[in-house]
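Chemist: Take a look at the following structure, please.
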Ligand SMILES: Cc1cc2nc3c(=O)[nH]c(=O)nc-3n(C[C@H](O)[C@H](O)[C@H](O)COP(=O)(O)OP(=O)(O)OC[C@H]3O[C@@H](n4cnc5c(N)ncnc54)[C@H](O)[C@@H]3O)c2cc1C
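Numbering (the numbering used here), first residue to last: 5 to 441.
Structure, rendered in structure tokens:
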């Protein structure tokens, strides 16, 4: 039996891993770019690898933790308590503990108490269909009040979803809060975050080593042009103008790519899939000579400032690891039409520096050693209301063709953990289908 896995990101590589564990088959992996990783991809800095898009993981990342134990990489995870902050009205507030919420001056004292209680109350809310029918905005106002929404939750939703902040179903924020509250077992216990020694590429590389050792082949620079469908059955793929036949194909890139390459899929299947839109991510990584702050993560809530967060990676992993360089990520999710996407690196840098000085007035440009910009067109799915009714299943209506991508993670938040879950579950579905034949 021959199986093609499309995409060399976390979902594609974990799919290949679980196929080899559960199905007797030859596995080929096709990745469009020149390296593996996708959104978890890396670049080289001072001889070390660093994520293009900042990454950390949580203790409650169940699928990731299970797998890491299985492949004996537990020792590679570094867990730390980090300093989180929230910038608004010209002040950077520490924002990690219940006490920090009580000290959060932009809210009246009553609304600080309400904001603090809202996460706990939301975590006790039992799932119901209502969560799919109302927006996160309506839901959060119910628990945190109008002021809590305006001064805290609305800016947070804007940081994650840009202009789509008020269109996101309540189930997304409900699920996120439930997970985070659970991870702080013992009530107000501080959260720790995890990072992998040598970057998360270490994990991806381990996947590749394991699957290649077991006979899989990885083809880089091999973007899929078409999925071959004949009489409602998937027969294989076309890659770099070459036709390749397979018994099964698993597609892991974003849904929009599927719509592009699966030209013979039935229109009544494809049409609802077009409803899911994706926001782009644009990250600037600034390499500095000196430390900027003590915060690992500073959410920036100011409509005039064009970035949503500052992540000082070297406040998590010591700068000595990177030859003494300080690493600062500027995060930003953008609509595909945003002017920022067509700006040059220098243009973005100049605008960002001007706004960085609003937060850190003493910041001097000569501290900057280098800047990198990374963009991904399909970084964040924007799900419509009641998405569970149209969310595509792993098994497509085309026989022998499966799909496992970030659009199917809903209502969970996109992340390494859930891309591993995709790989695990799509293979479970395949195993059932194959054994029932
Ligand atoms: C700014 C940012 C910060 C993040 N922070 C975190 C974090 O802190 N923690 C966390 O857990 N997660 C984080 N994530 C999310 C995490 O990186 C992703 O959820 C995960 O990497 C997605 O993996 P994937 O394989 O599902 O998709 P992708 O990474 O999108 O992989 C899809 C792959 O398919 C390839 N491809 C596309 N088209 C084709 C084609 N036609 N043929 C062949 N190959 C193709 C792509 O090149 C890509 O390699 C972050 C993401 C972003 C953007």
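All C-beta atoms, glycine included, are put in the ideal place defined by N, C-alpha and C.
Keep in mind that this is a model prediction, so the values were computed, not measured.
Buried or exposed for residue 307, please, with buried defined as at least 16 other CB atoms from any protein chain shown within 10 angstroms of its CB.
Modeler: Its Cβ having fewer than 16 others within 10 Å, residue 307 is exposed.
Chemist: Can you pull the DSSP bridge partners for residue 247?
Modeler: Paired residue(s): 242.
Chemist: Taking only beta-carbon positions, decide if residue 435 is within less than 9 Å of chain B.
Modeler: This model lacks chain B altogether; it includes just one protein chain.
Chemist: Closest to residue 320 by CA distance: which of 268, 81, 212 and 422 is it?
Modeler: Ranking 268, 81, 212 and 422 by Cα distance to residue 320 puts 81 first.
Chemist: Hey, how far is the Cα of residue 427 from the Cα of residue 107?
Modeler: C-alpha separation (whole angstroms): 43 Å.
Chemist: Nearest to residue 412 by CA position, among 259, 79 and 227, is which residue?
Modeler: The option with the nearest alpha carbon to residue 412 is 259.
Chemist: My guess is that residue 13 and residue 41 are in contact by the Cβ rule of under 8 Å, so how many angstroms apart are they, rounded?
Modeler: At roughly 6 Å, the Cβ-Cβ gap stays under 8 Å, so residue 13 and residue 41 are in contact.
Chemist: Between the alpha carbons of residue 190 and residue 34, how many angstroms are there, rounded?
Modeler: The predicted position of residue 190 is uncertain, since its pLDDT is 47 and thus under 50; a value taken from the coordinates is nonetheless stated next. For residue 190 and residue 34, the distance between alpha carbons rounds to 45 Å.
Chemist: So, is residue 316 buried or exposed, given that buried needs 16 or more other C-beta atoms within 10 angstroms?
Modeler: Buried, by the Cβ-count rule.
Chemist: Can you give the Cα-Cα distance for residue 347 and residue 290, rounded to whole angstroms?
Modeler: Those two C-alpha atoms are separated by around 17 Å.
Chemist: Check whether the Cβ of residue 285 sits closer than 8 Å to any heavy atom of ligand 1, and report yes or no.
Modeler: Checking every heavy atom of ligand 1 against the Cβ of residue 285, one is found closer than 8 Å.
Chemist: Apart from the five residues just before and just after residue 390, which ones in its own chain have a Cβ nearer than 8 Å to its Cβ?
Modeler: Excluding residues within five positions, the ones whose Cβ falls inside 8 Å are 136, 137 and 173.
Chemist: Of the choices 117, 333, 312 and 223, whose alpha-carbon is the least far from that of residue 374?
Modeler: Residue 374 has its Cα closest to that of 333, out of 117, 333, 312 and 223.
Chemist: Hey, which unbroken runs of the alpha helix (DSSP H) at 4 residues or more fall wholly within the region 233 to 310?
Modeler: Those alpha helix (DSSP H) runs which fall completely within the region 233 to 310 and span 4+ residues are 259 to 265 and 271 to 277.
Chemist: How many Å lie between residue 284 and residue 98 at the Cα?
Modeler: For residue 284 and residue 98, the distance between alpha carbons rounds to 28 Å.
Chemist: Just checking my contact of residue 235 with residue 250 at CB under 8 Å: how many whole Å lie between their CB atoms?
Modeler: Not a contact, Cβ separation roughly 16 Å.
Chemist: Take the Cβ of residue 397 as the centre, count every other Cβ of all protein chains shown within 10 Å, and call the residue buried at 16 or more, exposed below.
Modeler: Classification for residue 397: exposed.
Chemist: Are there 16 or more other CB atoms within 10 angstroms of the CB of residue 261, so buried, or fewer, so exposed?
Modeler: Buried is the call here.
Chemist: Locate the alpha helix (DSSP H) running through residue 88, then write down its first and last residues.
Modeler: Here residue 88 belongs to no alpha helix (DSSP H); instead the beta strand (DSSP E) covers 88 to 92.
Chemist: What runs of the alpha helix (DSSP H), each 4 residues or longer, lie entirely inside the region 101 to 152?
Modeler: Fully enclosed alpha helix (DSSP H) runs of 4 or longer: 102 to 106, 113 to 128, 134 to 137 and 140 to 152.
Chemist: May I ask whether a heavy atom of ligand 1 can be found less than 8 Å away from the beta carbon of residue 10?
Modeler: Because some heavy atom of ligand 1 lies under 8 Å away, the Cβ of residue 10 counts as near it: yes.
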